[in-house]
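Colleague: In this note's numbering, the protein residues as written are 36 to 338. In this text, a Cβ means the ideal position worked out from N, Cα and C, and glycines have one as well. I am attaching a structure below and will ask some questions about it afterwards.
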């Protein structure tokens, strides 16, 4: 086995599946496991781990890449980031989402590193020209109960007459609140294929980010997927989306803090979309080619 990707915790991590698919098409053998215990049973040439407090290697004599796509939030976040930097076993390579994420850690400078921003599956490109009637006005898939006021926002949109499809892990109370609203179809936790299907059945995609640093500075996976699929974005305003929309030249529909919102009847307006070439540049294949992912992996395994 060339590469063992270790997917721990409940995070969605679509990038892990993108890595595995990409490298498989490049002739490398890969496997995805759900725990370190599973990984120890596999004799791989390289172990690719999503960063946390990684104090021990999977196998002492095998190389590892540690990826940090986010930073700690909440109380003592700076201390948590420092502990990860100091107490983690030394990897052979580090991967960061962006230089901003890297700047919040204190890893030793001599460790090789690369940056890999978020991408989206190229499957979503097929949805760009779908103009059939949609089942839903708005879709949202992702974190629910961990995002302050998100459920209130979803209920507010439903009360304004919009139909919503919502997927993700929710607390029992939030689940009941969503299920009791006749305009909301709550799906619970969804696999990737179900998410992509309901994106194709929605007129607009909701992106909601609490005003919580450093979340407001980090790439939104949802926005990337919406842009590749040609789905207009409904979002609250915060630093990252302001900068990103200006950089790529698209408009998003601002989610007001109060009052009602008006959604355009025609969701295919050019100002809400990016060009096909720009969308292709946001797919995982393009992202991984840009950061020379295959070259780095082969360098680590000596192939």
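Which of helix, strand or coil does DSSP assign to residue 224?
Modeller: coil
Colleague: Short of 6 Å in beta carbon distance, which residues of its chain neighbour residue 264, apart from the five on each side in sequence? Order them along the chain.
Modeller: Correct list, in chain order: 159, 162 and 234.
Colleague: For the stretch 274–300, which segments carrying the alpha helix (DSSP H) assignment without a break, of at least 4 residues, lie completely within its bounds, in sequence order?
Modeller: As far as the stretch 274–300 is concerned, its whole alpha helix (DSSP H) runs of at least 4 residues are 274–283.
Colleague: Under the three-state reduction of DSSP, which class applies to residue 237: helix, strand or coil?
Modeller: strand
Colleague: What does the Cβ neighbour count give for residue 242, buried or exposed, with the cut at 16 atoms within 10 Å?
Modeller: buried
Colleague: With three or more C-beta pairs closer than 8 Å as the rule, is the stretch 44–56 touching the stretch 65–75?
Modeller: The way I'd put it, the stretch 65–75 does touch the stretch 44–56; three or more beta-carbon pairs between them come closer than 8 Å.
Colleague: Are there 16 or more other CB atoms within 10 angstroms of the CB of residue 101, so buried, or fewer, so exposed?
Modeller: By the 10 Å Cβ count, residue 101 comes out buried.
Colleague: Roughly how many angstroms lie between the CA atoms of residue 79 and residue 331, to the nearest whole one?
Modeller: 16 Å
Colleague: Between the alpha carbons of residue 173 and residue 297, how many angstroms are there, rounded?
Modeller: 12 Å
Colleague: Does the beta-carbon distance from residue 326 to residue 128 come in below 9 Å?
Modeller: no
Colleague: Identify the continuous alpha helix (DSSP H) that holds residue 270 and give its terminal residues.
Modeller: Unbroken run through residue 270 is the beta strand (DSSP E), 268–270; no alpha helix (DSSP H).
Colleague: Pick out the complete alpha helix (DSSP H) segments inside the stretch 96–142, 4 residues or longer, and give them in chain order.
Modeller: 112–122 and 134–138
Colleague: Identify whether residue 68 lies in helix, strand or coil by the three-state DSSP scheme.
Modeller: Correct three-state label for residue 68: strand.
Colleague: Straight-line CA distance for residue 98 to residue 308?
Modeller: Rounded to whole angstroms, residue 98 to residue 308 spans 42 Å at the Cα level.
Colleague: How do the stretch 37–48 and the stretch 75–94 stand: do at least 3 beta-carbon pairs fall below 8 Å, yes or no?
Modeller: A contact exists between the stretch 37–48 and the stretch 75–94.
Colleague: Suppose you measure from the CA of residue 224 to the CA of residue 202; what does that come to, to the nearest Å?
Modeller: 6 Å
Colleague: Determine the DSSP secondary structure at residue 328, reduced to helix, strand or coil.
Modeller: It is helical.
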